[in-house]
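Data first, discussion second: the structure below is written as C-alpha cells.
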Amino acid sequence: LHMGHALNNTLQDILVRFERMRGKNVLWQPGMDHAGIATQMVVERQLMEKQIHRRDLTREQFIEKVWEWKAESGGAIFNQLKRLGASADWSRERFTMDEGLSKAVLEVFVTLYKEGLIYKDKRLVNWDPKLLTAISDLEVEQHEVNGNLWHFRYPIEGEAFDPENPKTFITVATTRPETMLGDTAVAVHPDDERFTDLVGRNVVLPIVGRKIPIVADEYSDPEKGSGAVKITPAHDFNDFEVGKRHKLPAINILTVEAAIKLKDNEDFLAGIEVTPARQAVWDELDGLDRFTARKKIVELMEAGGFLDKVEPHRHAVPHGDRGGVPIEPFLTDQWYVNAAELAKPAIASVREGRTNFVPKNWEKTYFDWMENIQPWCISRQLWWGHQIPAWYGPDGHVFVEKTEEEALAAAIEYYLALEGPWKAWVEDKLENFQPGEILTRDEDVLDTWFSSALWPFSTLGWPDQTPELKTYYQTDVLVTGFDIIFFWVARMMMMGLHFMDEEPFHTVYVHALVRDKNGAKMSKSKGNVIDPLDLIDEYGADALRFTLTVMAAQGRDVKLDPAR
713 LHMGHALNNT
723 LQDILVRFER
733 MRGKNVLWQP
743 GMDHAGIATQ
753 MVVERQLMEK
763 QIHRRDLTRE
773 QFIEKVWEWK
783 AESGGAIFNQ
793 LKRLGASADW
803 SRERFTMDEG
813 LSKAVLEVFV
823 TLYKEGLIYK
833 DKRLVNWDPK
843 LLTAISDLEV
853 EQHEVNGNLW
863 HFRYPIEGEA
873 FDPENPKTFI
883 TVATTRPETM
893 LGDTAVAVHP
903 DDERFTDLVG
913 RNVVLPIVGR
923 KIPIVADEYS
933 DPEKGSGAVK
943 ITPAHDFNDF
953 EVGKRHKLPA
963 INILTVEAAI
973 KLKDNEDFLA
983 GIEVTPARQA
993 VWDELDGLDR
1003 FTARKKIVEL
1013 MEAGGFLDKV
1023 EPHRHAVPHG
1033 DRGGVPIEPF
1043 LTDQWYVNAA
1053 ELAKPAIASV
1063 REGRTNFVPK
1073 NWEKTYFDWM
1083 ENIQPWCISR
1093 QLWWGHQIPA
1103 WYGPDGHVFV
1113 EKTEEEALAA
1123 AIEYYLALEG
1133 PWKAWVEDKL
1143 ENFQPGEILT
1153 RDEDVLDTWF
1163 SSALWPFSTL
1173 GWPDQTPELK
1183 TYYQTDVLVT
1193 GFDIIFFWVA
1203 RMMMMGLHFM
1213 DEEPFHTVYV
1223 HALVRDKNGA
1233 KMSKSKGNVI
1243 DPLDLIDEYG
1253 ADALRFTLTV
1263 MAAQGRDVKL
1273 DPAR
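In our numbering, the protein residues as written are 713 to 1276.
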C-alpha cells in the first residue's frame, strides 16, 4: 500500500463509521482488481530468477503460478488495510478474477458484442515493444529527453532534385527518422500561400521511391518548422487522423519488437519500382532495431543530399511505465468498445445532477474526457486476465459466446448453412470430432479496467438478481483520486447505466494527492516514498489517519513531512 491508499481508505472509513452511527445499513465491500500487466510482470520476474521464461510454460501452468503468488500476496494488502483501521465487511472480499465476477465479465462482453458495441478493428494503439502488448494511456509516462530534430528534403516529382534549389524539394522535420519508411503524404496548411501551388502534386520519398501526395490539412502549423509535415498514419496518432481524412494508406514498417520490417511487407512495397540499388538499401535496414535504423537512415539521407539540417531538440517521449522503454504508436487488430455511445447517458447523469462531483470543478475534467471520448481498446496481449470469449472458424469468421460449447454450436449452424468448401470441411471434421479442431480461441485477455468498470454491480451478484443487488445498488458515495476519473469512474458510470439503468453512485468525492514534503509526486525511482505502515509503527494508526484527514480537508494536495 502507498500513502494515497492510506488517505483514500481513511476517508472512506470516516464516512462509513459516521453513517453506521446514524443507524444506516452500510455496506463497505473490500476487494482488489487483478492488475493484469503489473501482476504478470511480477510473476515473470520471479520465474526468471529460477531461469524459467514464461514461454517455457503452457498458459495454464503460468496462470497457476500467478494464482500461487496471489494467495501469498493478496492477504498482505487486506492485512495492511486492517492495520490502518479500515472497518470494511471483510466477510465479503471480492477479486475481479473470482468466479462470480468472471461470470459478469462474460455476460457483459457477449451482450455488448451482440448489441454492436464491442467490435474488432485495426487502429493505432500504445504498443510496448518490451512487454509485447497494447497498453492504456494511464500506463504511459512522458519522459523529457534531449533529442534531435532532423530536417529532410523530399524531392518534388517531375523536378530535377538539386539540394541548392528549394524549388525542387519540400522540407519536413521529424524526431523519428526511421518512421519515414512508412510516410504516405506530406501535409501543409490550406492557408499557407508558400505551398498553394504544390498541393495535389507528389514528392518522391528518398530511400523508398514511393510517390506520396502533398495534401492540405489544418493539422500542419505554418509557424512550426518549414510548415510542412511528413504523415505516417501507421506510426503516429495525429497522422492516423490525417490519414483517415485524406484516405491515405497506413504502412506499418515495424515488427512487434520495434525492429524494421521491409522484407515480404506488401504494404511497404505497394506501388514502388523495386531496383537493385533500392533493394540493397532495404536489405541493410531490414531487421535493424528502431534506434539503430534511425542512425542508418540519417546517414543515408545525408549521403544522398536529402539532409537539410539537424537541430538539438528537447521533447517528451512516451514510455511504458512497466516496461520502461519508449512506446510505439502501432497499427494492430484489437477489440474495442464503442465508448462514445455508452458515454451519452453518463454525460447526461452528471449534467442533470443525478451524480455530483465534490469538489464540483472535477465535473469539467469529466466532461472534457467524455465529450471527446475515443473507442476504448480493451484487448491485451497477456496471459493473466479474463480471456476474451471469442472463437475463430477455419475461414476467420468470429463467434462470440460465453462458452466454447455455445460457440461451437453457433459455428456448426453457420457453416452448415453455407454453400462451398467450408461446409464440406466442417462436415468432415464433425464425423471424427476432436475438440479444438474447428474453432481456435482468441488468445488475448481483457484490459483490467473492463472488469473494474463492473465493480458496483458485479460484486453484488449480477447478472443474478440477488437480495444484495436489490438492497445496495445504487451506492451513495465513491471516494477516489482524480487520476482515475476517466479510467475507472467514467467507465463505472457507463457500464452501470447500460446494464442497471441507474447510476452506480450519487456522489463522487475526489480527494487530493499525497506528495512528499517538497510537493513532489512520490515514486520509487525518486526514493521519496513514505510507507504508511512505517508511520503506523512509529506513531500509531490514529495519528496517521488524523494527519491525513486534516491536511486533505483543505482541498489542496497533501505535503507530507513525518518530521512535522
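Cβ coordinates follow ideal geometry from the N, Cα and C atoms, glycine included. Note that the structure is a prediction, hence the values are computed from the model and not measured.
field: Runs of alpha helix (DSSP H) lying entirely within the segment 1061-1138, each at least 4 residues, in chain order
entry: 1074-1083 and 1116-1128
- prompt: Quick one: any contact between the segment 1196-1205 and the segment 1162-1173, if contact means 3 or more CB pairs under 8 Å?
  reply: Yes: at least three Cβ pairs fall under 8 Å.
Where the beta strand (DSSP E) containing Ala-940 begins and where it ends: 940-943
- request: Would you decide whether Thr-770 is buried or exposed? Buried here means 16 or more other CB atoms lie within 10 Å of its CB.
  value: With fewer than 16 Cβ atoms within 10 Å of its Cβ, Thr-770 is classed as exposed.
query: So is Thr-1259 buried or exposed if we call it buried at 16+ other beta carbons inside 10 Å?
result: buried
query: What are the residues that DSSP puts in a beta bridge with Pro-988?
result: The secondary-structure analysis by DSSP pairs Pro-988 with nothing; it has no beta-bridge partner.
task: Take the Cβ of His-947 as the centre, count every other Cβ of all protein chains shown within 10 Å, and call the residue buried at 16 or more, exposed below.
output: buried
query: Under the rule that 16 or more other beta-carbon atoms within 10 Å means buried, what is Tyr-1127, buried or exposed?
result: buried
- prompt: Alpha carbon to alpha carbon, how far is Val-763 from Leu-844?
  reply: First, the residue type needs correcting, since residue 763 is Gln and not Val in the sequence shown. Those two C-alpha atoms are separated by around 20 Å.
query: What is the DSSP secondary structure of Glu-1250, reduced to helix, strand or coil?
result: helix
message: Taking the beta strand (DSSP E) that His-1025 belongs to, which residues open and close that run?
response: 1019-1032
For Tyr-1078, the nearest candidate out of Arg-913, Ile-1197, Glu-930 and Glu-1214 (CA to CA): Ile-1197
field: Stretch-stretch touch, CB-based, cutoff 8 Å, three pairs: the segment 1114-1127 with the segment 1138-1158
entry: yes
field: Straight-line Cα distance separating Tyr-1048 from Val-927
entry: 30 Å
Neighbourhood of Thr-1178 by C-beta distance below 8 Å, restricted to the same chain and skipping five residues each side: Hits under 8 Å: Leu-1172.
- prompt: On the premise that Ala-846 lies in contact with Gln-1046, defined as a C-beta separation below 8 Å, what is that separation, rounded to the nearest angstrom?
  reply: With a Cβ gap of about 6 Å, Gln-1046 and Ala-846 count as contacting.
message: Using a Cβ distance threshold of 8 Å, determine whether the segment 934-950 contacts the segment 896-916, with at least three qualifying pairs required.
response: yes
- prompt: Among the residues of its own chain, which have a CB less than 8 Å from the CB of Arg-1026, if the five just before and after it don't count?
  reply: Glu-856, Val-857, Asn-858 and Gly-859
field: Beta-carbon proximity list for Thr-1187, same chain, < 7 Å, skipping 5 on both sides
entry: Residues of the same chain with a CB within less than 7 Å of the CB of Thr-1187, apart from the 5 flanking positions on each side, are Pro-1168, Pro-1216 and Phe-1217 in chain order.
Rounded separation between Pro-918 and Phe-881 - CA only: Cα to Cα, Pro-918 sits roughly 11 Å from Phe-881.
- prompt: Using 8 Å as the Cβ pair cut-off and three pairs as the minimum, do the segment 1067-1087 and the segment 1209-1228 touch?
  reply: Touching, yes.
- request: Identify, in the order they occur along the chain, each residue of the same chain with its Cβ nearer than 6 Å to the Cβ of Glu-969, setting aside the five sequence neighbours on each side.
  value: Pro-841
query: Taking the alpha helix (DSSP H) that His-717 falls in, what are its first and last residues?
result: 715-733
field: Residues that Gly-743 bridges to, as DSSP identifies them
entry: Arg-806
- prompt: Does the distance from the C-beta atom of Leu-850 to that of Pro-1041 stay below 9 Å?
  reply: Taking 9 Å as the cut-off, the Cβ atoms of Leu-850 and Pro-1041 do not count as close.
- request: Pull up the CB-CB distance for Val-916 and Glu-869, whole angstroms please, since I reckon it's below 8 Å.
  value: 5 Å
field: Three-way DSSP call (helix, strand, coil) for Lys-1141 in this model
entry: helix
message: Bridge partners for Asp-933 per DSSP, in chain order?
response: DSSP output for Asp-933 lists no bridge partner at all.
- prompt: Does the segment 790-810 touch the segment 1080-1095, meaning 3 or more C-beta pairs lie closer than 8 Å?
  reply: No, they do not touch.
task: Measure the beta-carbon distance from Met-892 to Ile-1009 and round it to whole angstroms, keeping in mind my assumption that it falls under 8 Å.
output: 7 Å
- prompt: Under three-state DSSP, which class holds Trp-1174?
  reply: coil
- prompt: Relative to the alpha-carbon of Phe-790, which residue among Phe-807, Glu-780 and Ile-775 has its alpha-carbon at the smallest distance?
  reply: Phe-807
field: CA-to-CA distance, Glu-871 to Phe-774, given in whole angstroms
entry: 60 Å
- prompt: So, helix, strand or coil for Leu-796, using DSSP?
  reply: helix
message: Here's the rule: buried if 16 or more other CB atoms are within 10 angstroms of the residue's CB, otherwise exposed. What is Tyr-1251?
response: exposed
message: Measuring only the C-alpha atoms, how far is Asn-914 from Gly-921?
response: Cα to Cα, the separation comes out at about 11 Å.
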